[in-house]
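Comments concern the structure below.
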DNA sequence: CTGAAAGCGCTTACAG
DNA sequence: CTGAAAGCGCTTACAG
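Chains as they are written, first to last, in this note's numbering: chain A, 1 to 357; chain B, 358 to 714.
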């Protein structure tokens, strides 16, 4: 359960011995609050050097740090960017989040996070609650699942926020009418199929995410279009759906191998995690990944290169995604939806050696 | 470079069409600001049900969300907990951070993050800047490296914060005079050595982190003490230092194998990452991990079980660490330093099969 | 139970 | 260049 921080009270404790305030600094320096404020603002002109020096000295002596909340209520916006992540432990998300933190800090913004379990209704609640922070922007990562009704509600809640001059950036796999950093899933999937074709693979099978999502659809579209363009076809039963997890990949590969092992020469999984599960399934079936049948994943998350053999995958340059999202959030808002594409790079490793013809 | 958000100005844009305020709600409901405030505070008694109903209705209609900054400047503390992480992509940190987010949300707190590159001087700057948020607590994860002088400065900066009634919690491997969630590194390392002894291993070698840190020392102490207790000794050169990374582990293992492969029957690495590198080095030397020589890691990060063979490791229940840190932060401050221990669990997998005597 | 008023810590026109 | 004053959006005694 999530408690609204704006509604719940902060845990009470001993009476707060308060931190130094601007007034304390002003007094210590023997100037007015207004002057102290200006002296501490590097952008402010019209401050005599001596006054500034005196104030800065006093501030340092007192360990003064301006109260960010007070400043935010004065100025109207907080120097905050909110990031909604489903699960930070997912390396895919961690990579994006890392980029956000770096870039936000560089821009003088504080990055705040909220988990959402990737359930859309959860996300609506979180967006609403985070609006209370009056953040400069909200960045949504990953894909979300939920009914059309829920999607509409989320869109409305976000629109409410943007109508108050907030910025929304979608960093990931979703089609929402806001500025978006586009994860090159479709392009990357097609490029992967092409690379495998060049290596001599002709009979691919797919392990698809069980739940529908934009990410899943994009990947599938990339694979199917890529294959079609090369004259390849998927046989009946050569596409199975499974949960996006190691175990999901394991089970899916098992089914694939049981049903029609002879007609498949390479298994494409929609994520590295599933591909890793698939590799285990092959081993348990007495095969060696890359020998009888090739395997390829997607995302090139940390670890793919440390499998044995190394897992062929597609690097989505996610490290850039987070930074790009912050950059988009910093631009002035525009009428039309803006889009920043990332690059996809196929990384061929041991699980898909050149296939003898 | 990090820009102080308290000093830098928020990026300016179009004039802000402001969000609904309490006054808007009060007017819409035909009551005073004071009454509206009370009606929206679930904890407030002395509000007539009808008045409350009217206010709540108006608030919903206007999509009102209280301004968290204004509330914070009124009450003196923000419902925020700040987390300092070196690198969120490290699964070790991600696990802790995940626990923090979950538990913080449950407690109605917002979690804010700042990266620190694990350099102590960076951390000092960040602590200082984050003090401006007047957060309820600061949680420091991981180990930090830096001079004694720097450590003292960090301690001073943190003390400054606690003297203003802030709470500091160390979630990880460090000895600082604040409430601490203790990562059971020493206990876990000793338990690992004992487990390996039971499996028949008698000649261990160590891959240690290159840089000194509390984490490194604790792990080393656990291994050495555990070994000594069992009458085992480390031969000369059976302990090598390397960067905490896959490549560091690779290089270290390579050296170990070149120098004295015949005297070693198991390699203990201070982290799973290094252990994974070590496994690659063995393979490149024509060996199979677990066959000629065993390998064990530490942390049991995601992925260890998916190696081939599975990597023996020690699970530190880090998922609990983040939650425990938040719980500590919520307790009322006390004079003496409090300590919450986590549990260590040895997980034996394929890289350390029972060794024939 | 309800409202008028003061106050939290800042910033920023507005006068000097 | 400097200061007095108003105002940001809230909460909370203090009177009724």
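Glycine is no exception: its CB is placed at the ideal position from the N, C-alpha and C atoms.
Checking 8 angstroms against the spacing of the C-beta atoms, do residue i and residue j come in under that value?
{"i": "residue 527(B)", "j": "residue 502(B)", "result": "no"}
{"i": "residue 550(B)", "j": "residue 584(B)", "result": "yes"}
{"i": "residue 215(A)", "j": "residue 173(A)", "result": "yes"}
{"i": "residue 278(A)", "j": "residue 249(A)", "result": "yes"}
{"i": "residue 427(B)", "j": "residue 492(B)", "result": "no"}
{"i": "residue 641(B)", "j": "residue 704(B)", "result": "no"}
{"i": "residue 610(B)", "j": "residue 563(B)", "result": "no"}
{"i": "residue 100(A)", "j": "residue 139(A)", "result": "yes"}
{"i": "residue 307(A)", "j": "residue 264(A)", "result": "no"}
{"i": "residue 201(A)", "j": "residue 110(A)", "result": "no"}
At the level of alpha carbons, what is the spacing between residue i and residue j?
{"i": "residue 338(A)", "j": "residue 471(B)", "result": "28 angstroms"}
{"i": "residue 223(A)", "j": "residue 165(A)", "result": "39 angstroms"}
{"i": "residue 446(B)", "j": "residue 176(A)", "result": "27 angstroms"}
{"i": "residue 313(A)", "j": "residue 61(A)", "result": "55 angstroms"}
{"i": "residue 514(B)", "j": "residue 588(B)", "result": "45 angstroms"}
{"i": "residue 483(B)", "j": "residue 336(A)", "result": "37 angstroms"}
{"i": "residue 661(B)", "j": "residue 613(B)", "result": "22 angstroms"}
{"i": "residue 73(A)", "j": "residue 421(B)", "result": "16 angstroms"}
{"i": "residue 209(A)", "j": "residue 243(A)", "result": "6 angstroms"}
{"i": "residue 39(A)", "j": "residue 516(B)", "result": "27 angstroms"}
{"i": "residue 479(B)", "j": "residue 473(B)", "result": "6 angstroms"}
{"i": "residue 32(A)", "j": "residue 22(A)", "result": "10 angstroms"}
{"i": "residue 163(A)", "j": "residue 75(A)", "result": "18 angstroms"}
{"i": "residue 545(B)", "j": "residue 575(B)", "result": "10 angstroms"}
{"i": "residue 221(A)", "j": "residue 345(A)", "result": "17 angstroms"}
{"i": "residue 82(A)", "j": "residue 130(A)", "result": "7 angstroms"}
{"i": "residue 481(B)", "j": "residue 668(B)", "result": "37 angstroms"}
{"i": "residue 710(B)", "j": "residue 637(B)", "result": "18 angstroms"}
Could you check if residue i is buried or exposed, using at least 16 other CB atoms within 10 Å of its CB as the buried criterion?
{"i": "residue 376(B)", "result": "buried"}
{"i": "residue 4(A)", "result": "Residue placement at residue 4(A) is poorly supported in this model, since its pLDDT is 41, which falls under 50; the coordinates are not used for a value here."}
{"i": "residue 424(B)", "result": "buried"}
{"i": "residue 399(B)", "result": "exposed"}
{"i": "residue 699(B)", "result": "buried"}
{"i": "residue 318(A)", "result": "buried"}
{"i": "residue 186(A)", "result": "buried"}
{"i": "residue 95(A)", "result": "buried"}
{"i": "residue 455(B)", "result": "buried"}
{"i": "residue 55(A)", "result": "buried"}
{"i": "residue 45(A)", "result": "exposed"}
{"i": "residue 325(A)", "result": "buried"}
{"i": "residue 1(A)", "result": "Confidence at residue 1(A) is low in this model, with a pLDDT of 36, below 50, so its placement is unreliable and the value that follows should be read with caution. Exposed, since its Cβ has fewer than 16 Cβ neighbours within 10 Å."}
{"i": "residue 53(A)", "result": "exposed"}
{"i": "residue 30(A)", "result": "exposed"}
{"i": "residue 593(B)", "result": "exposed"}
{"i": "residue 509(B)", "result": "exposed"}
{"i": "residue 36(A)", "result": "buried"}
{"i": "residue 147(A)", "result": "exposed"}
{"i": "residue 6(A)", "result": "For residue 6(A), the pLDDT reaches just 40, beneath the cut-off of 50, and the residue's location in the model is therefore unreliable, although a value from the coordinates is still provided. So residue 6(A) ends up on the buried side."}
{"i": "residue 561(B)", "result": "buried"}
Which residue or residues does DSSP assign as beta-bridge partners of residue i?
{"i": "residue 696(B)", "result": "537(B)"}
{"i": "residue 269(A)", "result": "207(A)"}
{"i": "residue 653(B)", "result": "625(B), 669(B)"}
{"i": "residue 227(A)", "result": "Paired residues: none, contrary to the question."}
{"i": "residue 527(B)", "result": "497(B), 537(B)"}
{"i": "residue 193(A)", "result": "None, per the DSSP bridge assignment."}
{"i": "residue 112(A)", "result": "82(A), 469(B)"}
{"i": "residue 426(B)", "result": "DSSP, once it has assigned bridges, lists no residue as partnering residue 426(B)."}
{"i": "residue 502(B)", "result": "476(B)"}
Can you give me the start and stop residues for the alpha helix (DSSP H) that residue i sits inside?
{"i": "residue 486(B)", "result": "477-488"}
{"i": "residue 241(A)", "result": "Here residue 241(A) belongs to no alpha helix (DSSP H); instead the beta strand (DSSP E) covers 239-242."}
{"i": "residue 234(A)", "result": "From DSSP, residue 234(A) is part of no alpha helix (DSSP H); its letter is neither H nor E."}
{"i": "residue 329(A)", "result": "318-330"}
{"i": "residue 55(A)", "result": "49-62"}
{"i": "residue 556(B)", "result": "From DSSP, residue 556(B) is part of no alpha helix (DSSP H); its letter is neither H nor E."}
{"i": "residue 388(B)", "result": "Element bounds for residue 388(B): n/a, residue is neither H nor E."}
{"i": "residue 103(A)", "result": "91-106"}
{"i": "residue 604(B)", "result": "603-616"}
Following the continuous beta strand (DSSP E) through residue i, name the residue where it begins and the one where it ends.
{"i": "residue 703(B)", "result": "702-704"}
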